[in-house]
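Trainee: Residue numbering for the sequence shown follows numbering that gives the first Met the number 0, beginning at 0 and increasing consecutively.
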Amino acid sequence: MGQYTRRKFLSAGAAGATAIGFAPLLAACRESVGEVAAPYAVFKGGLVLSTWDFGMKSNEEAWRVLQAGGAALDMAEKGVNLCEADLSALSVGLGGLPDREGKTTLDACIMGPDGKAGSVMFLENIRHPASVARRVMEKTPHVQLVGEGAYQFAISEGFTHDDYKNPEAEKAYRQWLTESKYEPVINIENHDTIGLLAMDTRGDIAGACTTSGLAYKMRGRVGDSPIIGAGLYIDNEVGGATSTGLGEAVIRTCGSFLVVEMMRRGATPAEACEEAVRRVMKKHDNWREFQVGFLAVNKAGDTGAFALQEGFSYALHKEGKGELVRSNWLKN
Ligand code: ASP
0 MGQYTRRKFL SAGAAGATAI GFAPLLAACR ESVGEVAAPY AVFKGGLVLS
50 TWDFGMKSNE EAWRVLQAGG AALDMAEKGV NLCEADLSAL SVGLGGLPDR
100 EGKTTLDACI MGPDGKAGSV MFLENIRHPA SVARRVMEKT PHVQLVGEGA
150 YQFAISEGFT HDDYKNPEAE KAYRQWLTES KYEPVINIEN HDTIGLLAMD
200 TRGDIAGACT TSGLAYKMRG RVGDSPIIGA GLYIDNEVGG ATSTGLGEAV
250 IRTCGSFLVV EMMRRGATPA EACEEAVRRV MKKHDNWREF QVGFLAVNKA
300 GDTGAFALQE GFSYALHKEG KGELVRSNWL KN
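#1: For residue 294, does the three-state DSSP call read helix, strand or coil?
#2: Closer than 7 Å: is that where the CB of residue 209 sits relative to any heavy atom of ligand 2?
#3: Does the structure place the region 280-299 close enough to the region 225-240 that three or more beta carbon pairs sit under 8 Å?
#4: Grouping DSSP H, G and I as helix and E and B as strand, with all else coil, what is residue 307?
#5: So, under 8 Å CB-CB, residue 125 and residue 161 are touching, yes? Tell me the CB distance rounded to an integer number of Å.
#6: Roughly how many angstroms separate the alpha carbons of residue 89 and residue 140, rounded to a whole number?
#7: Just to confirm my understanding: we take residue 325, look at its own chain, exclude 5 residues before and 5 after, and list those with CB closer than 7 Å. What are they?
#8: Between residue 292 and residue 304, what straight-line distance do the alpha-carbon atoms span, to the nearest angstrom?
#9: Which residues bound the alpha helix (DSSP H) around residue 276?
#10: If you drop the 5 nearest sequence neighbours on each side, which residues of the same chain put their C-beta closer than 6 Å to that of residue 92?
#11: May I ask you to check if the CB of residue 191 is nearer than 7 Å to at least one heavy atom of ligand 1?
#12: Going by C-alpha to C-alpha distance, which of 99, 78, 142 and 80 sits closest to residue 182?
#13: Please find out if some non-hydrogen atom of ligand 1 comes closer than 7 Å to the beta-carbon of residue 224.
#14: Nearest-angstrom Cα distance between residue 270 and residue 153?
#15: So for residue 168, helix, strand or coil by DSSP?
#16: If you follow the beta strand (DSSP E) that residue 216 is in, where does it begin and where does it stop?
#17: First and last residue of the beta strand (DSSP E) that includes residue 320?
#18: Indicate, with yes or no, if ligand 1 has a heavy atom lying under 7 Å from the CB of residue 243.
#19: When you measure from the CB of residue 212 to every non-hydrogen atom of ligand 1, does any distance come out below 7 Å?
#20: Kindly give me the distance between the Cβ atoms of residue 314 and residue 54, rounded to whole angstroms, as I take these residues to be in contact under 8 Å.
#21: Cα separation between residue 127 and residue 209?
#22: Using a 10 Å radius around the Cβ and a threshold of 16 neighbouring Cβ atoms, would you call residue 317 buried or exposed?
#23: Is the Cβ-Cβ distance between residue 81 and residue 56 less than 8 Å?
#24: Which residue marks the beginning of the beta strand (DSSP E) containing residue 152, and which one marks its end?
#25: Which term fits residue 178, buried or exposed, when burial requires 16 or more other beta carbons within 10 angstroms of its beta carbon?
#26: Sorted by chain position, which residues of the same chain lie with C-beta nearer than 7 Å to residue 228's C-beta, five sequence neighbours on each side aside?
#27: In the DSSP assignment, what residue or residues form a beta bridge with residue 198?
#28: If I'm right that residue 106 touches residue 222 with Cβ under 8 Å, what's the distance once you round it to whole angstroms?
#29: At a cut-off of 7 Å, would you count residue 146 as near ligand 1, judging by its Cβ distance to the nearest heavy atom?
#30: Per DSSP, what kind of secondary structure is residue 317 in: helix, strand or coil?
#31: Residue 246: beta carbon under 7 Å from a heavy atom of ligand 1?
#32: Relative to the alpha-carbon of residue 113, which residue among 79, 102, 85 and 70 has its alpha-carbon at the smallest distance?
#33: Does at least one heavy atom of ligand 1 sit under 7 Å from the Cβ of residue 92?
#34: According to the Cβ coordinates, are residue 194 and residue 230 closer than 8 Å?
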């Protein structure tokens, strides 16, 4: 975030703040962020971070794309494509656990450094929903396409109909039918999303998020993952954030947008993620019963995460090497 941008942000904020009588708050904010150049240089070494253990391989793929000269948006798309293509995954792509009527439905979104975004929700029989989301962004005047319309658009764009059924997911569904109990379980694979944030060698940031959503969800249910500002948000002047966990809780708090806005006001990625998790906690009396995790990167290339419960991990690929990092969590 350069000097010009900060000034522009502050003066735009000044008009709004005066109008609603928040001048003292604005003055404090002005002092805390300062009308000076950003205190850090934009990181240009390239990096990738993504949710959960399956992010390790996706990060490697994104890193390959970077090394072949790809931009952040290509890194994000191709990185999550790798996870979508793994038909043994029970929470991403066509191998994912189905809804309560036995059908696997997919949600995905993508957002680029230019602020453009695309999303598909409740999509069936298409292997790469994140790539369809990218086409929505690039080839339509819209941001979101849903269900049958998203499917028809995908077919018209050359994606093929795919009837794949994961035997493991079918077995689990038959087992579930014996009780038909709907109960999201913390940190196990009846829900987990890949949210991936990529930074290229220009320092530009993009992200993608893709999932089969909560297992045995109601037909038509859409979570946070394809919703810009909830499951993913990028502001190339500030950074990017993505989430995993109980989508309803993330939507209610505009989670990823909140994380990016906290970073804009000076929070580190880890602090911003923690603040968003605390917001989720405050708004949900039953917060001990589910998981939510956020992941973020800022323009300096600092990364961080925070989760409601123990057990969230994320994959980080920076300076040519990949590692799995355990996220911090609320310990009270
Ligand atoms: N956030 C996803 C959803 O609610 C699921 C997950 O990440 O665990 O659909």
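For every residue, glycine included, the Cβ atom is placed at its ideal position computed from N, Cα and C.
Mentor: In short:
#1: In the sequence shown, residue 294 corresponds to position 295, counting from 1. Here residue 294 sits in strand by DSSP.
#2: In terms of ligand content, the structure shown lacks ligand 2 and carries ligand 1 instead.
#3: Between the region 225-240 and the region 280-299 there are three or more inter-stretch CB-CB distances shorter than 8 Å, so the stretches are counted as touching.
#4: Sequence index remark: in the sequence shown, residue 307 carries index 308 (1-based). If DSSP states are grouped into helix, strand and coil, residue 307 belongs with coil.
#5: Counting from one through the sequence shown, the residue named residue 125 turns up at place 126. Counting from one through the sequence shown, the residue named residue 161 turns up at place 162. About 7 Å separates the two Cβ atoms, so the contact holds.
#6: On the sequence shown, position 90 is the one that residue 89 refers to. On the sequence shown, position 141 is the one that residue 140 refers to. Taking the straight line joining both Cα atoms gives about 33 Å.
#7: For this step, residue 325 is matched to residue 326 along the sequence shown. Closer than 7 Å at the Cβ level, and outside the excluded window around residue 325, lie 312.
#8: Here residue 292 refers to the residue found at position 293 of the sequence shown. Here residue 304 refers to the residue found at position 305 of the sequence shown. Rounded to whole angstroms, residue 292 to residue 304 spans 7 Å at the Cα level.
#9: For this step, residue 276 is matched to residue 277 along the sequence shown. Run containing residue 276: 268-282, per the alpha helix (DSSP H) assignment.
#10: Looking up residue 92 in the sequence shown gives position 93. The residues are 83.
#11: As a working note, residue 191 is residue 192 in the sequence shown. True, at least one ligand heavy atom lies under 7 Å from that Cβ.
#12: Counted from its first residue, the sequence shown places residue 182 at position 183. Selected option, being the one with the closest Cα: 99.
#13: By 1-based counting over the sequence shown, the position of residue 224 is 225. Yes, the beta carbon of residue 224 sits closer than 7 Å to at least one heavy atom of ligand 1.
#14: The sequence position of residue 270 within the sequence shown is 271, counting from 1. The sequence position of residue 153 within the sequence shown is 154, counting from 1. About 39 Å.
#15: The residue you call residue 168 lines up with position 169 of the sequence shown. DSSP places residue 168 in helix when its eight states are reduced to three.
#16: Locating residue 216 in the sequence shown gives position 217, where the first residue counts as 1. Premise fails: residue 216 is in no beta strand (DSSP E) and is neither H nor E.
#17: Your numbering for residue 320 matches position 321 in the sequence shown. Residues 320-325.
#18: As a position in the sequence shown, residue 243 is number 244, starting the count at 1. Checking every heavy atom of ligand 1 against the Cβ of residue 243, one is found closer than 7 Å.
#19: Numbered from its first residue, the sequence shown carries residue 212 at position 213. For ligand 1, at least one heavy atom lies less than 7 Å from the Cβ of residue 212.
#20: Within the sequence shown, the letter at position 315 stands for residue 314. Within the sequence shown, the letter at position 55 stands for residue 54. Right, the Cβ-Cβ distance comes to about 3 Å (below 8 Å), so this counts as a contact.
#21: Here the question's residue 127 lines up with position 128 in the sequence shown. Here the question's residue 209 lines up with position 210 in the sequence shown. If you take the alpha carbons of residue 127 and residue 209, they lie about 9 Å apart.
#22: Here residue 317 refers to the residue found at position 318 of the sequence shown. Classification of residue 317: buried, given that the 10 Å Cβ count is 16 or more.
#23: Mapped onto the sequence shown, residue 81 falls at position 82. Mapped onto the sequence shown, residue 56 falls at position 57. In contact: residue 81 and residue 56 (Cβ atoms closer than 8 Å).
#24: Here residue 152 is taken as the residue at index 153 of the sequence shown, counted from 1. Segment 146-155 is the alpha helix (DSSP H) holding residue 152; no beta strand (DSSP E) there.
#25: For this step, residue 178 is matched to residue 179 along the sequence shown. The residue in question, residue 178, is exposed, as its Cβ has fewer than 16 Cβ neighbours within 10 Å.
#26: Taking the sequence shown and counting its residues from 1, one reaches residue 228 at position 229. So the qualifying residues of the chain are 253, 255 and 256.
#27: Numbered from its first residue, the sequence shown carries residue 198 at position 199. According to DSSP, which records beta bridges pairwise, residue 198 is partnered with 46 and 204.
#28: Taking the first residue of the sequence shown as position 1, residue 106 is located at position 107. Taking the first residue of the sequence shown as position 1, residue 222 is located at position 223. Indeed, because the Cβ distance is near 6 Å, the residues count as touching under 8 Å.
#29: Residue 146 sits at position 147 when you count from the first residue of the sequence shown. No.
#30: To locate residue 317, count along the sequence shown from 1; it is residue 318. In the structure shown, residue 317 sits in a strand (DSSP, three-state: E or B).
#31: Position 247 of the sequence shown, counted from the first residue, corresponds to residue 246. Checking every heavy atom of ligand 1 against the Cβ of residue 246, one is found closer than 7 Å.
#32: Position 114 of the sequence shown, counted from the start, is the residue given in the question as residue 113. Closest by alpha carbon: 70.
#33: To locate residue 92, count along the sequence shown from 1; it is residue 93. No; taking the cut-off as 7 Å, the Cβ of residue 92 has no heavy atom of ligand 1 nearer than that.
#34: As a position in the sequence shown, residue 194 is number 195, starting the count at 1. As a position in the sequence shown, residue 230 is number 231, starting the count at 1. Yes, Cβ-Cβ distance for residue 194 and residue 230 is below 8 Å.
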